[in-house]
Every structure is written in structure tokens, then in C-alpha cells.
Amino acid sequence: MLRCSVGGSGLGYFSTLVERSTMENTEITVDSKSTQNSGVKIFHASKSVESSLSSDSYKMDYPEMGLCVIINNKNFHQNTGMSFRSGTDVDEAHLIDTFKHLKYEIRNKNDLTCKEITELMYNVSKEDHSQRSSFVCVILSHGKEGIIYGKDGPVELKALTCFFKGDKCNSLIGKPKLFIVQACRGTELDCGVEVDSGPDDNDTDEDITCQKIPVEADFLYAYSTAPGYFSWRNEKDGSWFIQSLCAVLKQYAHKLEIMQILTRVNWKVATEFESYSLDATFHAKKQVPCIMSMLTKELYFFP
1 MLRCSVGGSG LGYFSTLVER STMENTEITV DSKSTQNSGV KIFHASKSVE
51 SSLSSDSYKM DYPEMGLCVI INNKNFHQNT GMSFRSGTDV DEAHLIDTFK
101 HLKYEIRNKN DLTCKEITEL MYNVSKEDHS QRSSFVCVIL SHGKEGIIYG
151 KDGPVELKAL TCFFKGDKCN SLIGKPKLFI VQACRGTELD CGVEVDSGPD
201 DNDTDEDITC QKIPVEADFL YAYSTAPGYF SWRNEKDGSW FIQSLCAVLK
251 QYAHKLEIMQ ILTRVNWKVA TEFESYSLDA TFHAKKQVPC IMSMLTKELY
301 FFP
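Numbering (the UniProt record's numbering), first residue to last: 1 to 303.
See below:
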């Protein structure tokens, strides 16, 4: 299996379904000195790269917007203990329509194994993205914290995203890489709560030409739910998150920045949806998506 070097069973018959998951969490902190006075060498580059690095927003006027890879896992091997994901095809159809409208090249794949998902991500990362403005990957599946499910078992999300790091995918360096994940991140249920209604001014052009940037830079992860929580999906209308994401993109992608868009998605999911179930355990539950951004510039889906 390709690798990067990286440091339920059904819940019954409900009108709204959840993605199965559990929760893990680790944190490591380190100290480091500033590079400003450490003698770090500045490498110079062409004027086109200089302009891209010094701008406040990502360059989105390449000949192509980029690829949008959609992985839609609906059926799972019995030994995984994962249930059939009804409603996910509705999500896939909405995503295809939405990102086609944004001029992305769509590649949608269904019911992939862990090996097939890994190979797909590796192969896409090895393509020439030099004429593309960005990259989008959407994963629709069951999950845990940090894990998504192929049809035959779990795979770590970082084992898939690592192929697109700056040191492994040169043609996407400095370009936005968006990973949108519709999957559970835990087993907690949100009961809700009742409420009342740039470079320094004295830098020369020669000094700011081409900086060394972190390999983790320019990634954005849009998760359907907060860490540790279930993610809800309706068998008829699709998941709350993808419904909301597609609706907000269609309304605002031509005028708002990505963080503004995703904040409106958060609001829409948080305020317009609530679960309904005959089982009191799963009735009247809420959800809020989660944004994790390592973007270094503003992202607009128009030049």
C-alpha cells in the first residue's frame, strides 16, 4: 500500500441517520526560535511566483480551476460493522452540480477500498497541476476522529492528505487545497441549548521574492461536525452539511471569501436543522460543522 511518512452498526430506522464514529485526540507542542534573525536564506524566483506570494489572495485565474475529486462510499463490507449510507447519492449529485458550476473538473468515485482511495490520492497528487488554480477533495463516508472508512475498513485521513503537501506535490505549492469531509468524528450527540431570540513596509522587492513556506501551508479542512460528534444525514435530502455547503456556495461563491462562506454554512447547519427520531436518545439533536484552515491568503472562487 502507498504510504506517506506521517509523524456501526446500524442505529435503527430513523428518518435522520448518523455516521458512526469514535474519538481520539493527541497534542504535541514544541518551542522554536524566530527565523527572522536566524540567517535563513531567502531564495529568489520568477516574477510570476513573486506576484503570487506577495498577493493577499490566491491567484485563481489559471487556465483551469482545478480538480474536484469526490469519493462517495455507500456500501461497506459486513466485517467493518458499518451500515449502508442512504442519502449519500443525493449529496454526491449536489456536489457534482455545485462544483461544475464553479468550473471544476469533476472526478467522482464510488465505494472504494482503502487501497483504492490511497492509490487515487497518490495518483492525483502526481499529476501536473501547474495550469490549475486549486484542488478540492470531498469524502463522503463513515468515520472516526482522524479516520474515514473505505468500503473494507478504516484509513487515516492524514495518510491521504499528505500526498498533497508542499514537499510532495510541487505543482500545488502555494495553491489552495480543500478537503471537505462528511463523516462522523465521534459518538457524542449535541443536545443544543435554548437561547433568546503581508510583507513589512520596509522590505524591498528583492527581499520578498520567494520565501520558504511550511509544507502544511495552504490546506483547508471543512468537517461536517465538531471533533467527537456524530454527523447527521437524511435518507431523502442527504446530509445536513453537504446540503448547506452546496446551497451557500451557489448563493455566495461569486462574491464571498471561503471563510465567510463556510461560516455561513456553520450558521445554516446550526440553526436550520434538528434531528427527529422515535428513539429519545437521538431525537432533537443538533450539529455544527468545523473549519480548520492553514490557508495563507484569502480564497475567492473567481479571479
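We put the CB at the ideal spot given by N, CA and C, even for glycine.
What residues are listed by DSSP as bridge partners for residue i?
{"i": "P154", "result": "Y149"}
{"i": "E64", "result": "R132"}
{"i": "D190", "result": "K286"}
{"i": "K165", "result": "For K165, which the question treats as bridged, DSSP gives no partner whatsoever."}
{"i": "C137", "result": "V69 and F179"}
{"i": "F219", "result": "K177"}
{"i": "S125", "result": "S125 is not bridged to any residue."}
{"i": "G238", "result": "N234"}
{"i": "S57", "result": "E298"}
{"i": "N110", "result": "N72"}
{"i": "M292", "result": "Y221"}
{"i": "E105", "result": "L67"}
{"i": "residue 390", "result": "Residue 390 is absent from the model: the chain starts at 1 and stops at 303."}
Report the rounded CA-to-CA distance for residue i versus residue j, giving the unit in angstroms.
{"i": "G238", "j": "T118", "result": "25 angstroms"}
{"i": "F282", "j": "E188", "result": "11 angstroms"}
{"i": "K285", "j": "H129", "result": "42 angstroms"}
{"i": "L299", "j": "D56", "result": "9 angstroms"}
{"i": "F76", "j": "K212", "result": "43 angstroms"}
{"i": "V30", "j": "L172", "result": "At V30 the pLDDT is 39, less than 50, meaning the model places this residue with poor confidence and gives no usable figure here."}
{"i": "M60", "j": "K109", "result": "26 angstroms"}
{"i": "F230", "j": "A270", "result": "14 angstroms"}
{"i": "E145", "j": "M65", "result": "30 angstroms"}
{"i": "E127", "j": "T225", "result": "31 angstroms"}
{"i": "Y252", "j": "Q260", "result": "9 angstroms"}
{"i": "L278", "j": "L95", "result": "30 angstroms"}
{"i": "Q78", "j": "W232", "result": "22 angstroms"}
{"i": "A93", "j": "L120", "result": "20 angstroms"}
{"i": "T113", "j": "W240", "result": "25 angstroms"}
{"i": "M82", "j": "N266", "result": "27 angstroms"}
Measuring alpha carbon to alpha carbon, tell me which residue in the options is nearest residue i.
{"i": "Y256", "options": "C290, L220, F302 and E92", "result": "Sequence check: residue 256 is Leu here, not Tyr. That would be F302, whose Cα lies nearest to the Cα of L256."}
{"i": "V181", "options": "R233, K126, I148 and A284", "result": "I148"}
{"i": "G150", "options": "R185, F164, K59 and D111", "result": "D111"}
{"i": "Q243", "options": "L262, K285, H129 and S125", "result": "L262"}
{"i": "K268", "options": "I258, S277, P289 and A280", "result": "P289"}
{"i": "S133", "options": "Y58, M121 and A159", "result": "Y58"}
{"i": "C184", "options": "S141, T113 and P214", "result": "S141"}
{"i": "E194", "options": "E216, A93 and E274", "result": "E274"}
{"i": "V136", "options": "G143, K236 and E105", "result": "E105"}
{"i": "L102", "options": "K126, E216, D279 and H254", "result": "H254"}
{"i": "G186", "options": "Y223, K158 and R85", "result": "Y223"}
{"i": "K158", "options": "L278, Q131, Y122 and K126", "result": "Y122"}
{"i": "E216", "options": "E235, K168 and P227", "result": "K168"}
{"i": "F84", "options": "L278, E235, L120 and T113", "result": "E235"}
{"i": "Q131", "options": "W240, N266, L278 and P63", "result": "P63"}
{"i": "G143", "options": "N266, N73 and W240", "result": "N73"}
In chain order, what residues of the same chain have a beta carbon less than 6 angstroms from the beta carbon of residue i, not counting five sequence neighbours either side?
{"i": "Y221", "result": "F179 and M292"}
{"i": "I139", "result": "I71, I148 and V181"}
{"i": "T80", "result": "G153"}
{"i": "N170", "result": "none"}
{"i": "K47", "result": "Because K47 carries a pLDDT of 37, less than 50, the predicted location of this residue cannot be relied on, and the following value inherits that uncertainty. Result list for K47: empty, nothing under 6 angstroms."}
{"i": "R264", "result": "V248"}
{"i": "I258", "result": "L299"}
{"i": "A272", "result": "It should be noted that the sequence gives Glu, not Ala, for residue 272. Hits under 6 angstroms: none found."}
{"i": "L160", "result": "M121"}
Closer than 7 angstroms by C-beta to residue i: which residues in its own chain qualify, once you throw out the five before and the five after it? Chain order, please.
{"i": "D218", "result": "G174, K175, P176, K177, M294, L295 and T296"}
{"i": "T98", "result": "C246, L249 and K250"}
{"i": "V124", "result": "L67 and V69"}
{"i": "E156", "result": "G146 and I147"}
{"i": "G228", "result": "M23, E145, R185, G186 and E188"}
Please list, in chain order, all residues of the same chain as residue i whose beta carbon is under 8 angstroms from its beta carbon, the five residues on each side excluded.
{"i": "C191", "result": "A284, K285 and K286"}
{"i": "A280", "result": "none"}
{"i": "K100", "result": "I106"}
Residue i: beta carbon under 6 angstroms from a heavy atom of the ligand GTP?
{"i": "Q131", "result": "Summarising the ligand content, the structure contains no ligands, and the ligand GTP is consequently not present."}
Open item on the list: Within 8 angstroms, do at least three Cβ pairs link the stretch 79 to 90 to the stretch 157 to 173?
Closed with: With a cut-off of 8 angstroms, the stretch 79 to 90 and the stretch 157 to 173 do not count as touching, because too few Cβ pairs lie within range.
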